[in-house]
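Everything below concerns the one structure shown next.
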Amino acid sequence: MSNQQRKQVYVILSIDTEHDIIRWYETRAAGWSNGIPLLCEVFDTVGLRGKVCWLVEHNVKEGIPVANPHSAFCCNELPELIKQIKNRGDEMGLHPSMSDWTGGEREALASLYNSAEFWDSTRRYHDAQFVQNLITSATQEFKKVFGVNPVGCRTGGCAYATHLAGALEKNGIYIDSSVRKSRPWQWLKPPNAYYTTEDDIRVPSARGTMVEIPTAGYICTGWLNAVLRCRTWYWLNRRQTIFLSFFIHNWQAIRSDGSADIKFLESLTSFLNILSRNGAQFLSWAEAKEVYDSMYRDMSVL
0 MSNQQRKQVY
10 VILSIDTEHD
20 IIRWYETRAA
30 GWSNGIPLLC
40 EVFDTVGLRG
50 KVCWLVEHNV
60 KEGIPVANPH
70 SAFCCNELPE
80 LIKQIKNRGD
90 EMGLHPSMSD
100 WTGGEREALA
110 SLYNSAEFWD
120 STRRYHDAQF
130 VQNLITSATQ
140 EFKKVFGVNP
150 VGCRTGGCAY
160 ATHLAGALEK
170 NGIYIDSSVR
180 KSRPWQWLKP
190 PNAYYTTEDD
200 IRVPSARGTM
210 VEIPTAGYIC
220 TGWLNAVLRC
230 RTWYWLNRRQ
240 TIFLSFFIHN
250 WQAIRSDGSA
260 DIKFLESLTS
270 FLNILSRNGA
280 QFLSWAEAKE
290 VYDSMYRDMS
300 VL
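Below you can see the structure in the form of structure tokens.
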């Protein structure tokens, strides 16, 4: 690799599209109807048209259209949003729920899993059949609703599950960002991306097809944003190639009454401009995999 390649910072950006989850919100859907257009304006302003990935919720019980639990509003009542995202050339991916199934919701997969023991919060994440069925049903529903195959995946809450890499590959998904390294003391080792083993996204593989780009940061406001910016300056000044995955939520773009959250939008714009001005190259998820493949295919684990 050339010196220029070794010093390159590659950034992928994604949006977890969810219902308005902040408990004091007066609306449950303005994050879609108002938030997504606001974010699109920011991305256009900083030159990221066609360079972001919108991750869509999916849960075991109800699938995409009513996930968590108001995605029906996005999928059924706001088809123009989906059209807008596609027309921009942006990508769409999966944001499947791996947790938070309690009480009556344990009956969600009763036809497949009748044992109460199965629903142990640790065991099910490591049940290959559970993970396979979850990703397969999510992918099939995604194709039905959006007419395209999901480009990538990040699990809800970055929940860890073994066999996730294999389940994604079997459904034609070859890039993931479910591993999260966001603690202030976790400095990231370049290139911060790797091929995974078939059954574990956390374990690097010398050769493979599934690329894991761990989530490096959650763009927000306040002290957490200050910490992220400090860490980003550190990454921008590294002398090796590094792949960084940042994410936001659609509902962050609005205030509790559904109006634009100017403070967040300005902070987001500022952060993205800092990356651009300091030489970071924004890639779509598909482009990130192509770049990584071209640099590290058939090389030993870094």
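Numbering-wise (numbering that gives the first Met the number 0), the sequence shown opens with residue 0 and increments by one. Every residue, glycine too, gets a C-beta built ideally from N, C-alpha and C. If you're wondering where the values come from, they're calculated on a predicted model, not measured in any experiment.
Discussion item. Strictly by DSSP, which residues pair up with V55?
Written reply: T16, L93, per the DSSP bridge assignment.
Less than 8 Å between the CB atoms is what I'm expecting for A192 and E211, so what's the real figure, rounded? 7 Å
>> Need the endpoints of the alpha helix (DSSP H) that S204 sits in, please.
In response: Run containing S204: none; DSSP gives neither H nor E here.
Q. Just how far apart, CA to CA, sit N170 and T135?
A. 6 Å
**Asked** Should A43 go down as buried or exposed, given a rule of 16 or more other Cβ atoms within 10 Å for buried?
**Response** Reading off the sequence, residue 43 comes out as Asp, not Ala. D43 comes out exposed.
Check your understanding: Where does T240 fall in DSSP's three states?
Key -> Correct three-state label for T240: coil.
Self-check item: Contacts around L274, its chain only, beta-carbon distance under 8 Å, and the 5 residues preceding and following it disregarded
Solution: Taken in chain order, the residues that qualify are V8, V10, T231, L235, F281.
Are P36 and Q83 close, meaning C-beta to C-beta below 9 Å? yes
| query | So Y159 is in the alpha helix (DSSP H); what residue range does that whole segment cover? | reply | That residue, Y159, is in no alpha helix (DSSP H); it is neither H nor E in DSSP.
| query | Y291 lies in the alpha helix (DSSP H); which residues open and close that run? | reply | 284-295
Notebook entry, point to check: So is K262 buried or exposed if we call it buried at 16+ other beta carbons inside 10 Å?
Noted result: By the neighbour-count rule (16 or more Cβ atoms within 10 Å), K262 is not buried but exposed.
For G92 and W284, which I take to be in contact (beta-carbon distance under 8 Å), what is that distance rounded to the nearest angstrom?
7 Å
- Message: Less than 6 Å between C-beta atoms, sequence neighbours within five positions excluded: which residues of the same chain meet that for A127?
- Response: H162
Note down the Cα distance separating I81 from F145, rounded to an integer number of angstroms. Cα-Cα distance, rounded: 8 Å.
message = According to DSSP, simplified to helix, strand and coil, what is C152?
response = Looking at C152 - three-state DSSP - the assignment turns out to be strand.
> Smallest Cα separation from I200: which of R206, K188, D175, L264?
Replying inline: D175
- Query: Whose C-beta lies closer than 7 Å to the C-beta of A137 among residues of the same chain, with five residues either side of it excluded?
  - Reply: H57, L93, P95
task: For D198, I'd like the list of residues in its chain whose CB is within less than 8 Å of its CB, leaving aside the five on either flank, ordered along the chain.
output: A127, T161, H162, A164, G165
Once the 5 residues before and after N33 are set aside, which same chain residues still bring their CB inside 8 Å of it? A252, I253, G257, S258, A259
Thinking C-beta only, is T214 closer than 9 Å to Y194? no
Quick check on this structure: which residue in N272, T268, V55 has the alpha carbon closest to the alpha carbon of E140? V55
Worksheet entry | DSSP state of Q251 mapped onto helix, strand, coil | helix
field: Sequence-distant residues of the same chain with beta carbon closer than 6 Å to N249, five excluded per side
entry: I14, T16, G30, G34, I35
Shortest alpha-carbon distance to V45 belongs to which of Y233, W53, E265?
Nearest Cα to V45 within the set Y233, W53, E265: E265.
Cutoff 8 Å; reference N272; Cβ partners in own chain excluding five residues on either side: Excluding sequence neighbours, N272 sits near V45.
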